[in-house]
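J.:
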Amino acid sequence: MSAQPAPVAETGYPWPIETARLDNGLRVVVSEDRTAPVVAVNLWYDVGSRHEPAGQTGFAHLFEHLMFEGSQNVAKTEHMRYVQGAGGSLNATTNPDRTNYFETLPAEHLELALWLEADRMGGLVPALTQETLDNQREVVKNERRQRYDNVPYGDAWLRMLELLYPAGHPYHHATIGSMEDLNAAGLETFQAFHAKYYAPNNAVLTVAGDVTPVEVFALAEKYFGAIETVANIPAAPSGHLPGPATSPVSETVTGTVPAPRVYLAHRTHPFGTAGYDAITVLATVLGSGRGSRLYQRLADGARIAQPDYIGSYGVDLAHAPAPLIVTATAKDGVDIATLTEGVAEVVASMATEPVTEAELERAKALLTTAWWRQMSTVAGRADTLSRYATQFGDPASAAYRLPQWQSVTSEDIADAARTLNPESRVTLTYLPEGTEA
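Using our numbering, read the sequence shown as starting at 495 and increasing by one per residue.
1. State whether the stretch 652-666 contacts the stretch 915-928, with contact taken as three or more CB pairs (one from each stretch) at a distance under 8 Å.
2. Given a threshold of 16 other Cβ atoms within 10 Å of its Cβ, counted over all protein chains shown, does P508 qualify as buried or as exposed?
3. Just reading off the beta strand (DSSP E) that G596 is part of, what are its end residues?
4. Rounded to whole angstroms, what's the CA-CA distance from S583 to H813? Just pull it up for me.
5. Could you spell out where the beta strand (DSSP E) holding N899 opens and where it closes?
6. Closest to P926 by C-alpha separation, out of T846, I907, V828, would be which residue?
7. To which residues of the same chain is P935 closer than 7 Å at the C-beta, ignoring the five residues directly before and after it?
8. Less than 8 Å between the C-beta atoms of P764 and L811, yes or no?
9. Where P510 and P889 are concerned, what is the direct C-alpha to C-alpha distance, given to the nearest angstrom?
10. Helix, strand or coil for W509? Go by DSSP, reduced to three states.
11. Give the DSSP-derived three-state secondary structure of E526 in the structure shown.
12. Quick check: what's the CA-CA separation for A500 versus L833?
13. Report all residues from its chain with a CB closer than 6 Å to the CB of I727; omit the five preceding and five following residues, and keep chain order.
14. Leaving out the 5 sequence neighbours to the left and right, which residues in its chain are closer than 8 Å to L556 when beta-carbon positions are compared?
15. According to DSSP, is R875 part of a helix, a strand, or is it coil?
16. Do you know whose CA, among Q898, L681, T871, F886, lies nearest T598's CA?
17. For V920, which residues does DSSP report across the bridge?
18. Between F886 and T593, what straight-line distance do the alpha-carbon atoms span, to the nearest angstrom?
19. By the three-class DSSP mapping on this structure, what secondary structure does I804 have?
20. Since G737 contacts A777 with CB under 8 Å, what's their CB separation in whole angstroms?
21. Start and end of the beta strand (DSSP E) containing G703?
22. Buried or exposed for N644, going by 16 or more other Cβ atoms inside 10 Å?
23. Taking 7 Å as the limit between beta carbons, can you name the residues of its chain near A739, skipping five residues before and five after?
24. With 16 as the cutoff for other CB atoms within 10 Å, does W538 come out buried or exposed?
25. My assumption, with CB atoms under 8 Å, is that R638 sits in contact with M673. Please give the rounded CB distance.
26. Nearest-angstrom Cα distance between Y692 and A720?
27. Can you tell me which of A601, P754, T913, P916 puts its alpha carbon nearest to the alpha carbon of G928?
28. Distance, Cα to Cα, Q550 vs A668?
29. Would you report the Cα separation of V724 and F711, rounded to the nearest angstrom?
30. Quick one: what's got a C-beta closer than 6 Å to E611's C-beta in the same chain, skipping five residues either side?
31. Does the contact criterion of 3 or more C-beta pairs under 8 Å hold for the stretch 819-828 versus the stretch 799-807?
32. If I measure Cβ to Cβ from T913 and keep anything under 8 Å in the same chain, skipping five residues before and after, which residues do I get?
33. Applying the criterion that 16 or more other CB atoms from any shown protein chain within 10 Å of the CB defines a buried residue, is W866 buried or exposed?
34. Report, in whole angstroms, the separation of the C-beta atoms of A650 and Y757, which I expect to be a contact under 8 Å.
35. Expressed to the nearest angstrom, what Euclidean distance is found between the alpha-carbon atoms of H666 and R881?
36. Alpha carbon to alpha carbon, how far is A503 from F596?
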């Protein structure tokens, strides 16, 4: 095992960072903070829906569930019982780029958390049974019904991915996956998926809080050191795209929704690039809160959009051009054509009407507040360091995100806005049943 301190930029991340790599390839990141006797343990696996081959969509997300259902030395549901019994909290999430598992608990229980994480990294497959698999498949099906299928506008993200990215692209399908794929695969297929991707050399372990690097490195070696490296982990398919879309794409959905809604979306730049930093600030000027252009012009001004359902945001995908999404929901009596035209006009104004100093200062203040809110907890810091270690190879590079946002100029925003032309736009509209398009 080799350990070294990581340099930290002057702004964005003022806490110390030290890193090590075990002989089996596990990267370990430690950020010590003695303010409170609490630690956050965060494990990022470099496997998300973009890694799933045809016929195995939804596998990464299903494992988010299966990893809580017992491992070689931990009985079914005991992982949660141990952590919560120690006064801690825990959860997991999946997105197109990765899956992560995390706990926050009193510092004296750090060893418990590391033992639990190591056991399910190295010992899940022997404990995975057909009964557990079948049970969690049903849980995921119910999740799909509750979050996507039976909620107004709930399938918008699923539809937009298919419209934004061509068939075969790693971002074409959502993390929830295909229920047909989940039903068709046998137990051995799922076991092979875990054995292939849930490996120490495909993960980053971050611990932040009331610990010392020496302590964490020793415990990581104790619990993870014997887990074998996995050779030839398949790389995700390339997310390269030759450029922006060259023709507009649109889809209209008529269904059980309370009011017309429109989504305008564009592929922009990968997360972590200067281009995407400009898009992030642009999205904040355009659609964050009551002071945004969308709100001021369509909710307060023209009064064609509902105040609570209007906004814009980027989706922080790192391995292909990430989407910017702009959305608005019509007020009573406003038709979808009027709403869509109004939203498109405000988007176009970002290129034709320079962002004012007040707009820029407000956007940067909102982003700064959001950044420090994330950094205000050891859990937020641990997740951020895991992200930058996994996606950019260096946890300390997290310190540069806030300065990059703060350096964006009104000219940068105008340049970014000029790429948001109608020829490369995805338009997704929802109409209540009985409404004519």
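Glycine is no exception: its CB is placed at the ideal position from the N, C-alpha and C atoms.
T.: If we stick to the structure as given:
1. By the criterion of at least three beta-carbon pairs nearer than 8 Å, the stretch 652-666 is in contact with the stretch 915-928.
2. Taking the sequence shown and counting its residues from 1, the one referred to as residue 508 is at position 14. The residue in question, P508, is exposed, as its Cβ has fewer than 16 Cβ neighbours within 10 Å.
3. In the sequence shown, the residue the question calls residue 596 occupies position 102. Gly is not the amino acid found at residue 596; the sequence shown has Phe there. Element bounds for F596: 593-600.
4. For the purposes of this step, residue 583 is identified with residue 89 of the sequence shown, where counting begins at 1. For the purposes of this step, residue 813 is identified with residue 319 of the sequence shown, where counting begins at 1. Across the structure, S583 and H813 are spaced so that their CA atoms are roughly 30 Å apart.
5. Counted from its first residue, the sequence shown places residue 899 at position 405. Per the sequence presented here, residue 899 reads as Trp, with Asn not at that position. Counting along the chain, W899 falls outside any beta strand (DSSP E), though it belongs to the alpha helix (DSSP H) covering 895-900.
6. Reading the sequence shown from its first residue, position 432 is the one you call residue 926. For the residues T846, I907, V828, the minimum Cα distance to P926 belongs to V828.
7. No information on residue 935 is available, as it lies outside the stretch 495 to 931 that the chain covers here.
8. Numbered from 1 along the sequence shown, position 270 holds the residue referred to as residue 764. Numbered from 1 along the sequence shown, position 317 holds the residue referred to as residue 811. One thing to note: P764 has its Cβ within 8 Å of the Cβ of L811.
9. One-based indexing of the sequence shown puts residue 510 at position 16. One-based indexing of the sequence shown puts residue 889 at position 395. When rounded, the distance between both Cα atoms is 11 Å.
10. In the sequence shown, residue 509 corresponds to position 15, counting from 1. It is coil, neither helix nor strand.
11. Numbered from 1 along the sequence shown, position 32 holds the residue referred to as residue 526. Here E526 carries a strand assignment [DSSP, helix/strand/coil].
12. Sequence index remark: in the sequence shown, residue 500 carries index 6 (1-based). Sequence index remark: in the sequence shown, residue 833 carries index 339 (1-based). Low confidence applies here, because A500 scores a pLDDT of 45, under 50, leaving its location unreliable; read the following figure in that light. If you draw a straight line from the Cα of A500 to the Cα of L833, it is about 50 Å long.
13. Taking the first residue of the sequence shown as 1, we reach residue 727 at position 233. Answer for I727: N696, listed in chain order.
14. Working through the sequence shown from its first residue, we reach residue 556 at position 62. Excluding five sequence positions before and after L556, the CB atoms of its chain that fall closer than 8 Å to its own CB belong to Q630, R631, V634, G671, L676, F684, given in chain order.
15. Counting from one through the sequence shown, the residue named residue 875 turns up at place 381. In the structure shown, R875 sits in a helix (DSSP, three-state: H, G or I).
16. Here residue 598 refers to the residue found at position 104 of the sequence shown. Ranking the options by Cα distance to T598, first place goes to T871.
17. Here the question's residue 920 lines up with position 426 in the sequence shown. Its beta-bridge partners are V743, A759.
18. Counted from its first residue, the sequence shown places residue 886 at position 392. Counted from its first residue, the sequence shown places residue 593 at position 99. So the two alpha carbons sit approximately 16 Å from each other.
19. Numbered from 1 along the sequence shown, position 310 holds the residue referred to as residue 804. In this structure, I804 counts as strand in the three-state DSSP scheme.
20. Mapped onto the sequence shown, residue 737 falls at position 243. Mapped onto the sequence shown, residue 777 falls at position 283. Taking the Cβ atoms as the reference, G737 lies roughly 21 Å from A777, outside the contact range of under 8 Å.
21. Position 209 of the sequence shown, counting from 1, holds the residue named residue 703. Where G703 is concerned, the enclosing beta strand (DSSP E) stretches over 697-703.
22. What you label residue 644 is simply residue 150 of the sequence shown in a count that begins at 1. Of the residues assessed, N644 falls on the exposed side of the cut-off, its CB having fewer than 16 other CB atoms within 10 angstroms.
23. Translated into positions along the sequence shown, residue 739 becomes position 245. The answer, listed in chain order, is R761, S918.
24. Position 44 of the sequence shown, counting from 1, holds the residue named residue 538. Counting Cβ neighbours within 10 Å, W538 comes out buried, since at least 16 surround it.
25. By 1-based counting over the sequence shown, the position of residue 638 is 144. By 1-based counting over the sequence shown, the position of residue 673 is 179. Indeed they touch by this definition, with Cβ atoms about 7 Å apart.
26. Position 198 of the sequence shown, counted from the first residue, corresponds to residue 692. Position 226 of the sequence shown, counted from the first residue, corresponds to residue 720. Taking the straight line joining both Cα atoms gives about 14 Å.
27. Along the sequence shown, read from residue 1 onward, the residue named residue 928 stands at position 434. Nearest C-alpha to G928 among A601, P754, T913, P916: P754.
28. The residue given as residue 550 occupies position 56 in the sequence shown. The residue given as residue 668 occupies position 174 in the sequence shown. Taken atom to atom, the span from the alpha-carbon of Q550 to that of A668 is near 12 Å.
29. Counting from 1 along the sequence shown, the entry for residue 724 is found at position 230. Counting from 1 along the sequence shown, the entry for residue 711 is found at position 217. Rounded to whole angstroms, V724 to F711 spans 21 Å at the Cα level.
30. Working through the sequence shown from its first residue, we reach residue 611 at position 117. Closer than 6 Å at the Cβ level, and outside the excluded window around E611, lie L537.
31. At 8 Å Cβ cutoff, the stretches touch.
32. Locating residue 913 in the sequence shown gives position 419, counting from the first residue. So the qualifying residues of the chain are P738, H760, T762.
33. Numbered from 1 along the sequence shown, position 372 holds the residue referred to as residue 866. So W866 ends up on the exposed side.
34. For this step, residue 650 is matched to residue 156 along the sequence shown. For this step, residue 757 is matched to residue 263 along the sequence shown. With a Cβ gap of about 6 Å, A650 and Y757 count as contacting.
35. Reading the sequence shown from its first residue, position 172 is the one you call residue 666. Reading the sequence shown from its first residue, position 387 is the one you call residue 881. The alpha-carbon atoms of H666 and R881 are separated by roughly 22 Å.
36. Locating residue 503 in the sequence shown gives position 9, counting from the first residue. Locating residue 596 in the sequence shown gives position 102, counting from the first residue. Note that A503 scores 42 on pLDDT, short of 50, meaning its location in the model is unreliable and no value can be drawn from it.
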